[in-house]
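There are 2 protein chains.
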Amino acid sequence: MPRRNVVKPAPSQPEPTILDVARKARVSKSLVSMVIRGEEGVSPKNREAVLQAIEELNYRPNVIARSLVQRRTRILGVMISDLRNPFFGDVVSGIQMRAEDLGYRVLFNTGERVPNLEEAAIESLLELRVDGLILAAPRVDDTVIERACRVVPVVVLNRDTSATCSDSVTNDNLAGARLAVEHCANLGHTRIAHIDGGSGAGAGVRREGYLRAMRQLGLEDSIVTVEGAFTENGGYLGARELLSRSPLPTAIFAANDICAIGAMKALEEAGLRTPADVSVVGYDNTSLATLPQISLTSVQQFGADIGRLGLECIFERIEGKRSTPRHEVVAPTLVVRASTGPPPAKPKALR
Amino acid sequence: MPRRNVVKPAPSQPEPTILDVARKARVSKSLVSMVIRGEEGVSPKNREAVLQAIEELNYRPNVIARSLVQRRTRILGVMISDLRNPFFGDVVSGIQMRAEDLGYRVLFNTGERVPNLEEAAIESLLELRVDGLILAAPRVDDTVIERACRVVPVVVLNRDTSATCSDSVTNDNLAGARLAVEHCANLGHTRIAHIDGGSGAGAGVRREGYLRAMRQLGLEDSIVTVEGAFTENGGYLGARELLSRSPLPTAIFAANDICAIGAMKALEEAGLRTPADVSVVGYDNTSLATLPQISLTSVQQFGADIGRLGLECIFERIEGKRSTPRHEVVAPTLVVRASTGPPPAKPKALR
DNA sequence: GGCGTCCTCTGGAACGTTCCAGGTTGAGGA
DNA sequence: TCCTCAACCTGGAACGTTCCAGAGGACGCC
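Residue numbers (our numbering), protein chains in the order written: chain A, 8 to 358; chain B, 8 to 358.
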């Protein structure tokens, strides 16, 4: 246990308590409590007096004390693996909105993608006695998730987990990959390559989805995959690898948007235009894909919906309505933009 | 006061308390407390026994109860006006890192840029009795800030405020605007136009910085400003406005990166190339500016530093080391990329 | 008039910690 | 042997709420 309590309490003037309000309104603290919680059975006269005293004293209920006696905090803990990835902005927004409706506060946290830090972040939320835990694409070990489950409802977002105790919400990566491949095929492409996401969460499934779709379309002979990553550089290197092979693909399905952007950079450097020479499809449909200079066709996984569903899972558990795991899969869609088009009539040779 | 407490406490099995640990280790609760807090003066034998009991029971200290008696939560509240703006990702990261060092938790919140919601978010943090409040570019009224100051140390980031009670950390918008203008002038531009940020926070100051820099460089006759916004559409419309006038500028200083991206779109549509025909400079140096397809020259305001400084301000107050306001201004720098270059020898006419 | 019922209100006991004043022990010195 | 002192430990009183059992009136009914 860390040693932390060296600092003395801040010597600010004490804030008014429920007792101060009670004295001022000449009623009991219980009555004040009833008014605060909006309970029935308080005479209009007293309710008015209490409300006025609250106003005059600038009283604010102490949710810490409330949480202690109720043994619930009405706080939901959310551990976000990466606060800078625009995709999680959507997720957070979905969580926040729904939480507000349900009368919960949301406490965000991050471990900056480092497993140890993420574990500490989770522990920190548990010490706070959050009523539920949402883990957005966590990189921690399954055992950490299992341990958290013993104390509090947990839902894992956008990550496969073998932990049997938690709920999960993911996007259908198989279907998403199929959408991307079929879109290219429908445009007339046959030489459709895939730059995968390396060891990133969900990368394996997307790769599998690509393989299956290609086979299903009778394009198994054109299957080409190279290793990439969920980063711009991963996409760049993956595309370079593709460019070094022959024949060139006429379409590339990248593991995610950032990866696709890196790939587009490599293509541009090689003198290939998108989509005239090579079409590119991304995944996530982040705000990046919508930028006019990029205008990337991308598989959309509805981040806000994923967040909202995660919150609903948690809430069912908190309410005691359910105690068996629920695994929700959100169907992705394809958003077509300017980065894809028909294959060139006569494939361009590299300069 | 809202009525919220309809739901009964979740009937999970009770978590072990300090008393359970004490019983198991055959010591008093006070001794356990001492071990948890890492105090001196505990015999090695007992310390060992307590630690073991904690381990076996999977005990986790209840920070809620601790907060109640200590009358401090060791939680810092952070209200972020816009969680999707990548700039705030940096700010949050700076806050989080420093907070961890100092043994504080950080509770994030957002009001999604709606003043009323933001006020509610702040109120919610105050009810939680956070030890300090960080407001990142809040859109609330100054009176709301003043009221919060009465209860807890407050620091306002990236926003001018007339509230005299709070600390503030801002970036030097005047200097940033000057950097942008001087960079263009150094490249040989004279017709440097500005698309401003409309009523957004800091927009006025950046505009003023542009005006001063132009005058200082003797370019007052070339001053051209149009109204824009901190959005892509704002930049697009602003650029269209510029394109409708004559003579065309050879460089554009946009209020913000997203705004610059919108402007670039308008230029592209008009058949003008960046930077061959028109150079463009943004502000914020967000991750967007670094994308290879965009490669935007931009004024960097160090978000992480701003967050870190804000946290340090709060901490000084909490520690009681200071009770007078501190106003910190961070110097911006310019990051030059591919969107700026020398003016065309013979300015292009519009198609 | 007595009784039951409803409405309104109240005091005290939790909740799980920390902090404080003081207790116990054993060693060492007079 | 007794006293002192340090080292180590302990129980009880907070902290600011909620919740519960029940008190006290007013009223209506028999």
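Every residue, glycine too, gets a C-beta built ideally from N, C-alpha and C.
Step through the CB atoms of chain B and report whether any lies within less than 8 Å of the CB of residue i.
i: residue 271 of chain A; result: yes
i: residue 131 of chain A; result: yes
i: residue 115 of chain A; result: yes
i: residue 102 of chain A; result: no
i: residue 145 of chain A; result: no
i: residue 164 of chain A; result: no
i: residue 300 of chain A; result: yes
i: residue 50 of chain A; result: no
i: residue 121 of chain A; result: no
i: residue 91 of chain A; result: yes
i: residue 238 of chain A; result: no
i: residue 158 of chain A; result: yes
i: residue 38 of chain A; result: no
Taking 8 Å as the CB-CB limit, is residue i close to chain A?
i: residue 219 of chain B; result: no
i: residue 317 of chain B; result: no
i: residue 96 of chain B; result: yes
i: residue 223 of chain B; result: no
i: residue 268 of chain B; result: yes
i: residue 263 of chain B; result: no
i: residue 333 of chain B; result: no
i: residue 112 of chain B; result: yes
i: residue 55 of chain B; result: no
i: residue 71 of chain B; result: yes
i: residue 126 of chain B; result: no
i: residue 68 of chain B; result: yes
i: residue 134 of chain B; result: yes
i: residue 99 of chain B; result: yes
i: residue 6 of chain B; result: There is simply no residue 6 of chain B to check, as chain B begins at 8 and stops at 358 in what is shown.
i: residue 16 of chain B; result: Confidence in residue 16 of chain B is poor, its pLDDT being 38 and thus under 50, which makes the residue's placement too unreliable to answer from.
How is residue i classed by DSSP in three states: helix, strand or coil?
i: residue 307 of chain A; result: strand
i: residue 290 of chain B; result: strand
i: residue 224 of chain A; result: coil
i: residue 344 of chain A; result: coil
i: residue 84 of chain A; result: strand
i: residue 25 of chain B; result: helix
i: residue 253 of chain A; result: coil
i: residue 376 of chain A; result: Outside the shown range of chain A (8 to 358) lies residue 376 of chain A, about which nothing can therefore be said.
i: residue 326 of chain A; result: coil
i: residue 297 of chain A; result: helix
i: residue 174 of chain A; result: strand
i: residue 143 of chain A; result: strand
Would you mind working out which of the options sits nearest residue i, comparing C-alpha positions?
i: residue 107 of chain B; options: A:119, A:108 and A:103; result: A:119
i: residue 284 of chain A; options: A:352, A:27 and A:342; result: A:352
i: residue 186 of chain A; options: A:219, A:85 and A:81; result: A:219
i: residue 113 of chain B; options: B:137, B:104 and B:83; result: B:83
i: residue 385 of chain A; options: A:94, A:331 and A:227; result: No statement about residue 385 of chain A is possible, as the shown extent of chain A runs from 8 to 358 and does not include it.
i: residue 136 of chain B; options: A:142, A:71 and A:272; result: A:71
i: residue 36 of chain B; options: B:316, B:21 and B:68; result: B:68
i: residue 207 of chain A; options: A:281, A:89, A:200 and A:151; result: A:89
i: residue 188 of chain B; options: B:104, B:201, B:275 and B:178; result: B:201
i: residue 80 of chain A; options: A:213, A:110, A:239 and A:275; result: A:110
i: residue 229 of chain A; options: A:134, A:86, A:325 and A:192; result: A:192
i: residue 21 of chain A; options: B:33, B:77 and B:73; result: B:77
i: residue 244 of chain A; options: A:345, A:56, A:134 and A:267; result: A:267
i: residue 75 of chain A; options: A:134, A:344, A:96 and A:128; result: A:134
i: residue 122 of chain A; options: A:44, A:147, A:73 and A:197; result: A:147
Hey, residue i and residue j are a contact pair by Cβ (cut 8 Å); roughly how many whole angstroms apart?
i: residue 340 of chain A; j: residue 287 of chain A; result: Actually they do not touch by this definition, with Cβ atoms about 18 Å apart.
i: residue 241 of chain B; j: residue 205 of chain B; result: 6 Å
i: residue 41 of chain B; j: residue 28 of chain B; result: With 8 Å as the limit, residue 41 of chain B and residue 28 of chain B do not qualify as a contact, their Cβ atoms being about 12 Å apart.
i: residue 335 of chain A; j: residue 176 of chain A; result: 4 Å
i: residue 237 of chain B; j: residue 115 of chain A; result: Not confirmed; about 23 Å, so no contact.
i: residue 102 of chain A; j: residue 318 of chain A; result: 5 Å
i: residue 194 of chain A; j: residue 349 of chain A; result: 5 Å
Using 8 Å as the Cβ pair cut-off and three pairs as the minimum, do the segment 166-173 of chain A and the segment 286-296 of chain A touch?
Taking a cut-off of 8 Å for Cβ pairs, the segment 166-173 of chain A and the segment 286-296 of chain A do not touch, as fewer than three such pairs fall below it.
Does the segment 262-275 of chain A touch the segment 50-63 of chain B, meaning 3 or more C-beta pairs lie closer than 8 Å?
At 8 Å Cβ cutoff, the stretches do not touch.
Three CB pairs or more closer than 8 Å across the segment 148-160 of chain B and the segment 303-315 of chain B:
The segment 148-160 of chain B, when compared against the segment 303-315 of chain B, does not touch it at the 8 Å Cβ threshold.
Sufficient close CB pairs (3 or more, under 8 Å) joining the segment 135-152 of chain B to the segment 299-308 of chain B:
Contact between the segment 135-152 of chain B and the segment 299-308 of chain B is absent, because fewer than three Cβ pairs lie under 8 Å.
Would the segment 173-182 of chain B and the segment 221-231 of chain B be scored as touching if the rule is three or more Cβ pairs under 8 Å?
Fewer than three Cβ pairs drawn from the segment 173-182 of chain B and the segment 221-231 of chain B lie within less than 8 Å of each other, which leaves the two stretches out of contact.
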